[in-house]
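The block underneath contains the structure these notes are about, expressed in structure tokens.
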Amino acid sequence: LPVRGESGWHLDGSQIQRDLRAIWAVPDDEAASGGTRAWAVGEAGTILLWNGNGWSTQTSFTDKTLYAVSGVTGSDVWAAGEDGAVRHWDGLAWQTVAAPEDDYEAILADADSVYAAGAIRLRKLDRASGTWTLEGAPAVQGVRGLLRSGDGRILALGTGRLFVSEDGGWTAIATPPDV
């Protein structure tokens with residue numbers, strides 16, 4: 183697998199037989215204090231952990247393809263994928279999280295909520311209650327990417343449209359006509 187080091191990119195010598203779909207690394211402040219870790223997810227429930235020196239396989243308890251990974255810290259990481267597969271890393275092991283069935287292609291976690299974007303709809307998990315709710319109008323579907331901006335808003339990308347969370351709702355963002 184490719185790894186970027188102080189002297190640039192190099193291969194770490196490992197090779198996998200499954201397609202990988204997403205990668206997430208711990209925040210810079212956590213990495214700076216010696217917590218360099220990253221997770222890659224992919225085909226057939228593959229989850230790999232980078233510990234700063236090499237990759238290792240982790241057990242996901244699913245054979246579904248995982249398309250997305252996001253986290254808050256190195257002990258609070260979320261992965262999502264096909265047929266409603268949602269997993270949570272608690273620092274010790276990956277736990278299965280009950281979620282509505284959908285093919286989740288994006289996930290975004292924060293301390294209070296987890297947003298999972300599927301082919302059907304965008305959903306939000308309230309972490310305190312464990313309850314999933316639909317987010318946005320039906321037009322907010324087919325989302326393939328989620329990002330929290332510096333001002334706290336969430337951007338969603340998919341089905342030829344961009345959306346932004348504002349004032350408790352979702353608004354379409356105008357894009358150039360040729361996009």
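FYI, the numbering for the sequence shown is 183 to 361, going by the working numbering.
Cβ coordinates follow ideal geometry from the N, Cα and C atoms, glycine included.
Next on the checklist: So for D258, helix, strand or coil by DSSP?
Outcome noted: The sequence position of residue 258 within the sequence shown is 76, counting from 1. D258 sits in a strand when the DSSP states are folded into three classes.
Checklist entry - DSSP on R210, reduced to helix/strand/coil? => result Here residue 210 refers to the residue found at position 28 of the sequence shown. In the sequence under discussion, the amino acid at residue 210 is Asp, which differs from the Arg named in the question. D210: helix per DSSP, three-state reduction.
Checklist entry - Three or more beta-carbon pairs under 8 angstroms between the region 342 to 352 and the region 314 to 324, yes or no? => result yes
Item to check | Of the listed residues A262, L274, G236, W221, nearest to D284 (C-alpha basis) | outcome: What you label residue 284 is simply residue 102 of the sequence shown in a count that begins at 1. Comparing Cα-Cα distances from D284 to each of A262, L274, G236, W221, the minimum goes to A262.
Item to check | Backbone CA spacing between R303 and R330 [nearest angstrom] | outcome: As a first step, residue 303 must be located in the sequence shown, where it is residue number 121. As a first step, residue 330 must be located in the sequence shown, where it is residue number 148. Distance between the alpha carbons of R303 and R330 is about 18 angstroms.
Checklist entry - With a Cβ-Cβ cutoff of 9 angstroms, do V223 and S242 count as a contact? => result For the purposes of this step, residue 223 is identified with residue 41 of the sequence shown, where counting begins at 1. For the purposes of this step, residue 242 is identified with residue 60 of the sequence shown, where counting begins at 1. Going by C-beta atoms, V223 is nearer than 9 angstroms to S242.
Checklist entry - Hey, which unbroken runs of the beta strand (DSSP E) at 3 residues or more fall wholly within the region 274 to 340? => result 276 to 278, 286 to 291, 295 to 300, 304 to 308, 313 to 317, 325 to 330, 336 to 340
Item to check | Where W188 sits in the DSSP three-state scheme | outcome: Taking the sequence shown and counting its residues from 1, one reaches residue 188 at position 6. Strictly speaking, residue 188 in this sequence is Glu, with Trp absent from that position. E188 falls in the coil class under three-state DSSP.
Item to check | DSSP state of G227 mapped onto helix, strand, coil | outcome: Within the sequence shown, the letter at position 45 stands for residue 227. G227 falls in the helix class under three-state DSSP.
Checklist entry - beta strand (DSSP E) containing G350: first to last residue? => result Looking up residue 350 in the sequence shown gives position 168. That residue, G350, is in no beta strand (DSSP E); it is neither H nor E in DSSP.
Item to check | Cβ-based burial, G334 [other Cβ within 10 Å; buried from 16] | outcome: Indexing the sequence shown from 1 puts residue 334 at position 152. Per the 10 Å Cβ criterion, exposed.
Checklist entry - Thinking C-alpha only, which one of L248, E225, A275 is nearest A298? => result As a working mapping, residue 298 is identified with position 116 in the sequence shown. Checked all of L248, E225, A275; the closest Cα to A298 is L248.
Item to check | Same chain only: Cβ atoms within 8 angstroms of D294, ignoring 5 sequence neighbours per side | outcome: Working through the sequence shown from its first residue, we reach residue 294 at position 112. Closer than 8 angstroms at the Cβ level, and outside the excluded window around D294, lie D308, R309, A310.
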